[in-house]
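First comes the structure, then the notes that go with it.
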Amino acid sequence: MRFLVTNDDGIYAEGLIQLASSLTDIGDVTVVAPENERSATGHAITMHFPLRVRKVKLPGLDIDAYAVDGTPADCVKLGIDKLLEEQPDFVFSGINRGSNLGTDVLYSGTVAAAIEGCIMGVRSAAFSLLLGDEMDYAYSGKVAKEVAKIISSNDLPPNTLINVNIPNVSEEQIQGMKVTRLGRRRYSKNYEKREDPRGRTYYWLAGRLIEEESGTDYDINAVNDNYVSITPLHFDLTNYNMIETLKSWGFEKETISKAK
Ligand code: MN
Numbered sequence: 004m005r006f007l008v009t010n011d012d013g014i015y016a017e018g019l020i021q022l023a024s025s026l027t028d029i030g031d032v033t034v035v036a037p038e039n040e041r042s043a044t045g046h047a048i049t050m051h052f053p054l055r056v057r058k059v060k061l062p063g064l065d066i067d068a069y070a071v072d073g074t075p076a077d078c079v080k081l082g083i084d085k086l087l088e089e090q091p092d093f094v095f096s097g098i099n100r101g102s103n104l105g106t107d108v109l110y111s112g113t114v115a116a117a118i119e120g121c122i123m124g125v126r127s128a129a130f131s132l133l134l135g136d137e138m139d140y141a142y143s144g145k146v147a148k149e150v151a152k153i154i155s156s157n158d159l160p161p162n163t164l165i166n167v168n169i170p171n172v173s174e175e176q177i178q179g180m181k182v183t184r185l186g187r188r189r190y191s192k193n194y195e196k197r198e199d200p201r202g203r204t205y206y207w208l209a210g211r212l213i214e215e216e217s218g219t220d221y222d223i224n225a226v227n228d229n230y231v232s233i234t235p236l237h238f239d240l241t242n243y244n245m246i247e248t249l250k251s252w253g254f255e256k257e258t259i260s261k262a263k
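Quick note: the sequence shown, position 168, residue 171 per this note's numbering, numbers continuous.
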């Protein structure tokens, strides 16, 4: 099994080093990851600047590792297109420092990297460890190996990735894995209004979580109940239920011309 490992916390992040290290037990690993932290950059790609690549040595690991001065999605695209000798069997992203649950997956660079892997025809998964006083990624590394084993022996359809969130509790407290759907998270008082030393106003995103949609099959509930949450995601955003409805609204009958 050949793995491309990436993340959005930056190439020297502890979670990435653990993920790469765990996966070397079961396959060949190449790391292509952002030089600097690029959390919450979503699926951004770099178009108007060149990308510079630097080969680096990761602590305790004897594997090829490339630091790219771009986004997580850049790393996957460039890695598969140019840096890796062969197409990888898997793109694994993470282990992110903090959860990627519910609607937050849309902002996530970690998840975007896995989506990019899917777009490029590679089976992909994203891994995130919930924030806690201590961040010990060892158990999450074991989870990643288990996920690799399960998806390699089953038929993961193209365009589908696995989003994994791991509760930040001791291994003994973990209740197991649970297959879930995305929940919904809402934040209030998103921005703090402040003043800079020259008296000018600025705003800083603070984001206090006020509401989480509840239901036993949601990812958010699973991790709250100390389950490892496993969510299948796809990125066809089409709302199929609305196709016939929109036709009935007359969109296809309207002719928009200069005369109108
Ligand atoms: Mn991150």
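Where a beta carbon is used, it is the ideal one built from N, C-alpha and C, also for glycine.
Taking DSSP as the reference, what is the three-state secondary structure of residue i?
i      : result
Asp222 : helix
Gly97  : strand
Met123 : coil
Gly13  : coil
Ser232 : strand
Pro200 : coil
Ser217 : coil
Met180 : strand
Val8   : strand
Lys256 : coil
Ile165 : strand
Lys85  : helix
Lys60  : coil
Thr106 : helix
Pro75  : helix
Leu133 : coil
Ala115 : helix
Leu240 : coil
Val34  : strand
Glu149 : helix
Check whether the Cβ of residue i sits closer than 7 Å to any heavy atom of the ligand MN, and report yes or no.
i      : result
Ser96  : no
Asn3   : This structure cannot speak to residue 3, because the chain is shown only from 4 to 263.
Asn99  : yes
Gly186 : no
Asp11  : yes
Gly105 : no
Gly179 : no
Ser156 : no
Ser42  : yes
Gly45  : no
Gly112 : yes
Report the rounded CA-to-CA distance for residue i versus residue j, giving the unit in angstroms.
i      : j      : result
Lys196 : Thr33  : 43 Å
Glu257 : Ala147 : 51 Å
Gly253 : Ile259 : 12 Å
Asp199 : Ile83  : 44 Å
Leu164 : Ala129 : 8 Å
Ile20  : Pro62  : 8 Å
Ala23  : Leu240 : 31 Å
Asn166 : Arg55  : 29 Å
Ser131 : Glu255 : 43 Å
Glu119 : Phe6   : 14 Å
Pro91  : Glu247 : 40 Å
Leu236 : Lys250 : 28 Å
Asp107 : Gly124 : 24 Å
Tyr194 : Leu208 : 4 Å
Lys181 : Pro170 : 12 Å
Thr219 : Asn162 : 26 Å
Tyr140 : Met245 : 42 Å
Pro127 : Leu81  : A small correction: the amino acid at residue 127 is Ser; Pro does not occupy that position in the sequence shown. Cα to Cα, the separation comes out at about 16 Å.
Tyr230 : Ile154 : 19 Å
Leu86  : Ser217 : 43 Å
Ala36  : Lys152 : 23 Å
Leu15  : Gly73  : Here residue 15 turns out to be Tyr, not Leu, going by the sequence shown. Rounded to the nearest angstrom, the two C-alpha atoms are 15 Å apart.
Ile223 : Val114 : 16 Å
Glu88  : Leu133 : 34 Å
Leu109 : Ser232 : 17 Å
Gly13  : Val71  : 9 Å
Phe93  : Tyr142 : 20 Å
Val150 : Gly135 : 23 Å
Ala117 : Asn168 : 14 Å
With a threshold of 8 Å between beta-carbons, can residue i be considered close to chain C, or not?
i     : result
Leu81 : Among the protein chains of the structure shown there is no chain C, as only one such chain exists.
message = Count Cβ pairs between the stretch 34-53 and the stretch 101-113 that sit closer than 8 Å; are there 3 or more?
response = The stretch 34-53 makes contact with the stretch 101-113: 3 or more CB pairs, one atom from each, lie closer than 8 Å.
ask   = Does the stretch 189-197 come close enough to the stretch 209-223 to have 3 or more Cβ pairs within less than 8 Å?
value = yes
task = Please determine if the stretch 170-188 and the stretch 202-209 are in contact, where contact requires at least 3 C-beta pairs separated by less than 8 Å.
result = Segments in contact, no.
query = Is the number of C-beta pairs between the stretch 70-89 and the stretch 47-56 that are closer than 8 Å three or more?
reply = yes
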